[in-house]
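Beneath this line is the structure, given in C-alpha cells, with notes to follow.
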Amino acid sequence: EQISYFTPPLLSAWAKKMGADKLIIGKVREEGDDLLILAEVFDREKGEITQQLFSRGKKEEVCKLEKDLLYKIVRALNIQISPEERERIELGPKTSLDGLLNYSNAWKSRYLIYLSGGRSAYEFPRDNRYFSLTYRLLGDEKSGREAIALYNTALLLDPFDSETYWQLNLEYKREKKYSEGVKVCKKALAVSPNYGSAHLSLGSRYYNLKKYEESLKESRITIKLLPQNALAYYNYGIDLRKAERYDEAVSALKKSIELSPDYLDAYIVLGRVYHDQKRYDDELEIYTKAILINPEYYDAHYDIAYTYEALGKIDLAIQQLRYAARRKPKDDRVYYGLGSIYDDQGMYEKAISNYEKAIEIDPDYASYYVGLGVTYDKMGRYDVAIGEYRKALQLNPDDAMTHCNLGLVYTRKGRDDLAISAYKKALELDPNYAPAHYSLANSYKKKKMYDAAISEYKKAIASDPTYAKAYYSLGTLYYKLNRSEEAEDIARKALETNPQFINAYLLLGSIYYFKYGEADKAIVEYEKVLEIDPKDPYALTNIGIVYDKKGEKEKAIAYYKKAVEAHPNHWLGKVAKKNLEKLIQGDQGE
2 EQISYFTPPL LSAWAKKMGA DKLIIGKVRE EGDDLLILAE VFDREKGEIT QQLFSRGKKE
62 EVCKLEKDLL YKIVRALNIQ ISPEERERIE LGPKTSLDGL LNYSNAWKSR YLIYLSGGRS
122 AYEFPRDNRY FSLTYRLLGD EKSGREAIAL YNTALLLDPF DSETYWQLNL EYKREKKYSE
182 GVKVCKKALA VSPNYGSAHL SLGSRYYNLK KYEESLKESR ITIKLLPQNA LAYYNYGIDL
242 RKAERYDEAV SALKKSIELS PDYLDAYIVL GRVYHDQKRY DDELEIYTKA ILINPEYYDA
302 HYDIAYTYEA LGKIDLAIQQ LRYAARRKPK DDRVYYGLGS IYDDQGMYEK AISNYEKAIE
362 IDPDYASYYV GLGVTYDKMG RYDVAIGEYR KALQLNPDDA MTHCNLGLVY TRKGRDDLAI
422 SAYKKALELD PNYAPAHYSL ANSYKKKKMY DAAISEYKKA IASDPTYAKA YYSLGTLYYK
482 LNRSEEAEDI ARKALETNPQ FINAYLLLGS IYYFKYGEAD KAIVEYEKVL EIDPKDPYAL
542 TNIGIVYDKK GEKEKAIAYY KKAVEAHPNH WLGKVAKKNL EKLIQGDQGE
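In the working numbering, the protein residues as written are 2 to 591.
This is the structure in C-alpha cells:
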C-alpha cells in the first residue's frame with residue numbers, strides 16, 4: 002500500500018511516457034504469517050484500474066506465489082509467451098531470500114512492474130526517467146517550495162527532461178524568483194532548443210526582470226515556434242508596446258484575439274496600446290467588445306474610465322468606476338482609480354478618502370500610499386506626504402519613483418541635502434530613471450553646482466530622449482551661463498521631441514533677442530508660441546517688448562493690451578500694463 006499515491010492522472014501520464022496501453026502495479030503486504038502479492042491492472046484508455054489479481058501464501062513460498070501471480074497476469078491479459086520466456090519465469094529467483102529482496106527493492110524504490118515485448122516481471126525497468134516522471138507529476142499537485150523540491154528531485158533523476166525544467170520555472174515565477182526561472186528555462190532549451198513553451202516562459206521571466214530587449218527577442222522566437230498560440234502573440238504585443246512600436250503591437254494583439262476570441266486580457270492590452278496612441282475611439286470600442294463578452298470583466302470597466310478621463314469626460318469616468326465599485330465593492334483598484342481621477346481634478350479630500358478605502362482593503366500595496374503622498378504633496382501638507390512615502394518604501398523599498406517623489410517633497414521643504422540623497426537612492430536602484438536625474442540636476446543648479454547639474458540633465462536626456470523638460474532646463478542653464486549657442490542647440494532638440502513645447506520656443510525667442518539682438522527672429526519664435534496658445538503671457542509680453550524696442554509703437558501697444566486683458570493679475574500682465582502706460586505717455590517700456 003506504500004504506492005497508493007499513484008493517482009489515475011499520474012498513471013495515465015506514466016503509461017503515455019512508456020508507450021504502454023496497460024500498467025501492472027505491484028503491491029506487497031503482510032497479513033499475519035501470510036504474504037499477499039497483488040497486481041492491479043491500469044487501463045490507460047479507460048483511465049482506471051480494471052482488474053485486480055493476487056496470490057496469497059506463506060512468506061517462505063514467495064517464489065511460488067510470485068510465479069503463480071505472473072501466470073495469472075499472462076492469462077488475464079492474454080499475453081502470448083514463448084517456451085524460452087516460460088523457462089525464464091520458471092527459473093526465477095533461486096531462494097526465498099532472493100524473492101523477498103526482489104520485492105523489497107521494488108517496494109522501496111516505487112517500481113512499476115510492466116510487461117511489454119516479451120519482457121518478464123523479473124526484468125524491472127531501472128530507467129530513472131520513470132521515477133523522475135513520478136516526482137514531476139507529484140510536483141504538479143503541489144505548489145511553492147514543496148513543488149520546487151519535487152521537481153528538483155525529478156531533475157536529479159533525469160536531468161534531460163525539458164518539461165520538468167519548464168514546470169519548475171512556473172513555480173519560480175509564483176515565488177517571484179525570476180532569475181531562477183531564467184536559468185531553468187535555459188536548461189530546458191539546452192535539452193530541447195525548439196521547445197516553444199520554454200521560449201515563451203523565458204521571455205516572460207526576462208520581462209519580469211525588466212530585461213525588455215531579451216524578452217522581445219524570445220517573443221519573436223516563440224511566435225515562430227507556436228504560430229497558433231494566442232498567449233505567444235499576447236506576450237509579443239506586450240513587448241512591442243514596451244518598445245513603443247505601437248502599430249506592430251496592435252497587429253500582434255489582434256492576432257492573439259483572432260486565435261482566441263474570448264481572450265479578454267488581449268482586449269485590455271490592445272485598448273492600452275490605443276490609449277498610448279491617443280486613439281480613444283478605438284480604445285472605447287475594444288473595451289466595449291470585452292464587456293459584451295463578459296459584463297463582469299472589471300478590468301475593462303476600470304480601463305474604460307481612464308479613456309473617458311483622457312477624453313475630458315470626467316463624469317463618465319467616475320460613473321464607470323462607481324459602477325465597478327457597486328458590483329465589486331472589495332476591489333481596491335477601483336478606489337485607487339477614483340482617488341487618481343479626483344486627484345487630477347484637484348478634488349483632494351475625495352482623492353484621500355478613496356485612497357484610504359483602497360488601503361483598508363489591501364494595506365500592503367505600496368502604490369496606494371504613493372497616491373496619498375502625491376495628493377498631500379499637492380495640498381502643501383509636506384510632512385504628511387513624507388510619512389506616506391515612507392510607508393510605501395517600507396512595503397517596496399526598491400521603487401525608484403517613490404524615492405524620487407520623496408526627494409521632491411524635501412526639495413519643496415528646502416531640505417536640499419535630504420532631497421539629493423533621495424534622488425541618488427532612486428538612481429542607485431534604477432540608473433536610467435530620467436526624472437531622478439532631472440530632479441537631481443535641479444538641486445545641483447539650486448546649489449550653483451552647475452557642472453554637476455549639466456551632467457545630470459544630460460543623463461536625463463540620455464535615459465529618455467523624449468524628456469522635453471530636461472532639454473529646456475539644460476537650455477536655460479546654458480542661457481544663464483552665457484553659453485548661447487549650446488542653449489540654442491538644446492532648445493532645437495527639445496522641439497524635435499515635442500514640436501508643441503512652448504517653453505522651447507520662448508527660450509529661442511529670448512536667445513535671439515536678449516543674447517543675439519536679432520529682434521525679427523525672436524518675434525518669429527514668440528509667434529509660434531501664440532499659434533499653440535494665443536493667450537500665453539510670456540509670448541504676448543515679450544513680443545510687445547521687442548516691438549517697443551524696435552520703435553513699432555502700434556504693434557507694441559496691441560500686444561501689451563492682449564497681455565493685460567488675458568492676464569490682469571499675472572506678474573507679466575502687470576509688466577505689460579506698466580509698459581503700456583509708459584508707451585502711451587511717450588516713454589519706452591521695460
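The beta-carbon is built from N, C-alpha and C at its ideal position, and this holds for glycine as well.
T51: member of the beta strand (DSSP E) spanning 49–59, first to last residue. The residue from Q52, D162, I38 with its alpha-carbon nearest to that of K65 is I38.
Of the residues assessed, Q321 falls on the buried side of the cut-off, its CB having 16 or more other CB atoms within 10 angstroms. By the 16-neighbour rule on beta-carbons within 10 angstroms, T8 is exposed. Taking all protein chains in view, the Cβ of D537 is crowded by 16 or more other Cβ atoms within 10 Å, so the residue is classified as buried.
Partner residues in a beta bridge of D363, as assigned by DSSP, do not exist. By the Cβ neighbour-count rule, A325 is buried, with 16 or more other Cβ atoms within 10 Å of its own. C-alpha of G182 to C-alpha of L158: approximately 20 Å in a straight line. Taken atom to atom, the span from the alpha-carbon of I74 to that of F55 is near 9 Å. Excluding sequence positions up to five before and after K329, its CB lies within less than 6 Å of the CB of Y299, all in the same chain and listed in chain order.
CA-to-CA, the gap between N443 and V185 works out to about 45 Å. Separation of A318 and E489 (C-alpha to C-alpha, rounded to the nearest whole angstrom) is 42 Å. Burial of F43 is indicated by the presence of at least 16 other C-beta atoms within 10 angstroms of its C-beta. Counting the other CB atoms within 10 Å of its CB gives L541 a total of 16 or more, which places it among the buried residues. Secondary structure at G204: helix, using DSSP grouped into helix, strand and coil.
Taking 4 residues as the shortest admissible run, the region 175–260 contains the following complete alpha helix (DSSP H) segments, listed from N- to C-terminal end: 179–192, 197–209, 213–226, 231–243, 247–260. Around the Cβ of R323, a 10 Å sphere holds fewer than 16 other Cβ atoms; the residue is exposed. Nearest in C-alpha terms to I524, of all of S511, D534, A148, P535, is S511.
Counting the other Cβ atoms within 10 Å of the Cβ of N355 gives 16 or more, which makes it buried. Rounded to the nearest angstrom, the Cβ distance from D35 to R57 is 6 Å, consistent with a contact under 8 Å. If you look at R146, you'll find it isn't in any beta strand (DSSP E); it sits in the alpha helix (DSSP H) that goes 145–158. Ranked by Cα distance from Y366, the options Q586, S202, D333, A469 are led by D333. With fewer than 16 other beta carbons inside 10 angstroms of its own, S83 counts as exposed. Comparing alpha-carbon positions, the option among L409, Y434, Y235 lying closest to A423 turns out to be L409. Taking C-beta atoms under 8 Å as the contact rule, A191 and W167 fail to qualify, at a distance of about 12 Å. Under the criterion of beta carbons closer than 8 Å, G204 and E219 qualify as touching, at roughly 3 Å. Y235 sits close to S257, with the two beta carbons spaced by under 8 Å.
In the structure shown, D263 adopts coil according to DSSP, grouped into three states. For K28, there is no enclosing alpha helix (DSSP H); the enclosing beta strand (DSSP E) has its first and last residue at 23–32.
D534: not part of any beta strand (DSSP E); DSSP gives it neither H nor E.
8 Å or more divides the Cβ of Y472 from the Cβ of K448. Taking 8 Å as the cut-off, the Cβ atoms of S216 and D240 count as close. From the listed residues L227, K243, Y196, the smallest Cα separation to Y207 is found for K243. In terms of CA proximity to N504, A469 leads the group A469, E86, Y517.
DSSP places E389 inside the alpha helix (DSSP H), whose first and last residues are 383–396. Restricting attention to S180, S485, M380, N499, the CA atom closest to the CA of Y513 is found in S485.
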